[in-house]
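Below is one structure, written out as structure tokens; comments come after it.
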Amino acid sequence: KRRDNDQATIMDEYFSIGVLLGIISRLSYPQYVPFAPFIWKFIAGEPILPDDIAEVDSDLMKTFGLVRGKQIEPSWTATTWTSSTPVPLKRKTVKTVENDEDEDEVSAYLFEYTKFRLSLITPMLNQIRDGFFANTEIRANPLLCGKVLSFMAQGTGDISTEMIKAITNVNGSYNNEEFKRTIDFFWQAIDELTVEQKRSFLKFVAGVTRIPKVNTNQKPFHITIQPLDRPPTSLPVSMTCFNRLSIPLYQ
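In structure tokens, the structure reads:
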């Protein structure tokens, strides 16, 4: 068990996250990774803009809006910047920037504060990026942007009934009217699910929330549905190791 103050171990964990991102990207095995968009941009080597940070902080977005609207003066000397972090509270006071142009001063103020906020998590983000590059053996380049990197790791997240049908094999005879009726009920139920519920279904059957292009054996990913010899009042049973769903013969 790691100690909470073992900084080296904590940084290794962030490196491992980057390695995981590399694995799921290389194997086309997308997973839901709820990173803020600016984190994907950072890993890809894109510049981080003020609105990228404000996008995930509603209070900061309001403050930036007031500064841009000249309702709050960007007081460089009087303002002490703070942010809550896992380590003791950090403070930084910015010195006055001499500039006669208000617009330039506002822009400089927002960018300086963005740099400050980003600096609080830069060591962790660097570890994630290093882990990703170490696993994929690629480096940041103009073609690798945050959106592309996010898509490589997460896919689109859109799941339709037709997409699930395309990866589904049915084991069992359609000559069996009871089983055929059960499968018809199954697809009716799937079609009524929301996208989020379809993701939950995939997680229940195969342990994923996205549809991979291939599995670890480099074979097309699929799930299998088979009849379950239990009373029709029973619930379906899944075996995620085999991407298999067993369904009682519902009436």
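Here the sequence shown stands for residues 1 to 251, where the numbers follow the numbering used here.
We put the CB at the ideal spot given by N, CA and C, even for glycine.
This structure is a prediction, so every number in the text was calculated from the model and none was measured.
Problem set entry | CB contact flag (lysine 41, proline 34, <9 Å) | As a working mapping, residue 41 is identified with position 41 in the sequence shown. As a working mapping, residue 34 is identified with position 34 in the sequence shown. No, they are not a contact pair.
Exercise. Of the choices Asn126, Asp229 and Glu162, whose alpha-carbon is the least far from that of tryptophan 187?
Worked result: As a first step, residue 187 is located in the sequence shown; it is residue number 187 there, counting from the start. Taking only the C-alpha atoms, the option nearest tryptophan 187 is Glu162.
Exercise. Taking C-alpha atoms, which residue in Phe179, Met152 and Leu49 lies nearest to proline 232?
Worked result: In the sequence shown, residue 232 corresponds to position 232, counting from 1. Of Phe179, Met152 and Leu49, the residue nearest in Cα terms is Phe179.
Problem set entry | Helix, strand or coil at glutamine 71 [DSSP, three-state] | Locating residue 71 in the sequence shown gives position 71, counting from the first residue. Three-state DSSP puts glutamine 71 in coil, outside helix and strand.
Exercise. Is the shortest distance between the beta-carbon of serine 150 and the beta-carbons of chain E less than 9 Å?
Worked result: Looking for chain E here will not work: only one protein chain is present.
For this session: Please name the residue, chosen from Pro236, Thr182, Ala8 and Gln154, that lies closest to tyrosine 29 on a Cα-to-Cα basis.
Result: Translated into the one-based positions of the sequence shown, residue 29 becomes position 29. Comparing Cα positions, the closest option is Gln154.
Exercise. How would you write the range of the beta strand (DSSP E) that leucine 228 sits in, first residue to last?
Worked result: Locating residue 228 in the sequence shown gives position 228, where the first residue counts as 1. Looking at the DSSP string, the run of the beta strand (DSSP E) that includes leucine 228 is 223–228.
Problem set entry | CA-to-CA distance, methionine 152 to cysteine 145, given in whole angstroms | As a working note, residue 145 is residue 145 in the sequence shown. As a working note, residue 152 is residue 152 in the sequence shown. One C-alpha to the other measures close to 11 Å.
For this session: At 4 residues or longer, and completely inside the segment 149–225: list those alpha helix (DSSP H) runs for me, N to C.
Result: 161–166, 177–191 and 195–206
For this session: Note the first and the last residue of the continuous beta strand (DSSP E) segment covering leucine 245.
Result: Stepping through the sequence shown from its first residue, residue 245 is reached at position 245. Start and end: 244–248.
Problem set entry | the segment 108–120 / the segment 48–63 touching (three or more Cβ pairs under 8 Å) | yes
Problem set entry | With 16 other Cβ atoms within 10 Å as the buried cut-off, status of tyrosine 212 | By one-based count along the sequence shown, residue 212 stands at place 212. Note on identity: in this sequence residue 212 is proline, with tyrosine being the wrong assignment. Buried, since its Cβ has 16 or more Cβ neighbours within 10 Å.
Exercise. Between which two residues does the alpha helix (DSSP H) harbouring serine 25 extend?
Worked result: Counted from its first residue, the sequence shown places residue 25 at position 25. Element bounds for serine 25: 7–26.
For this session: Put leucine 89 into one of helix, strand or coil per three-state DSSP.
Result: Within the sequence shown, the letter at position 89 stands for residue 89. At leucine 89 the pLDDT is 28, less than 50, meaning the model places this residue with poor confidence; the figure from the coordinates comes in the next sentence. The answer is coil: DSSP assigns leucine 89 none of H, G, I, E or B.
Problem set entry | Terminal residues of the beta strand (DSSP E) in which valine 237 lies | In the sequence shown, the residue the question calls residue 237 occupies position 237. Element bounds for valine 237: 237–239.
Problem set entry | tyrosine 109 versus leucine 120: straight-line alpha-carbon distance, rounded | For this step, residue 109 is matched to residue 109 along the sequence shown. For this step, residue 120 is matched to residue 120 along the sequence shown. Roughly 17 Å separates the two Cα atoms.
For this session: Find the nearest neighbour of valine 106 within the set Ser160, Val67 and Arg181, judged by alpha-carbon distance.
Result: Against the sequence shown, residue 106 aligns to sequence position 106. Minimum Cα distance to valine 106 is reached at Val67.
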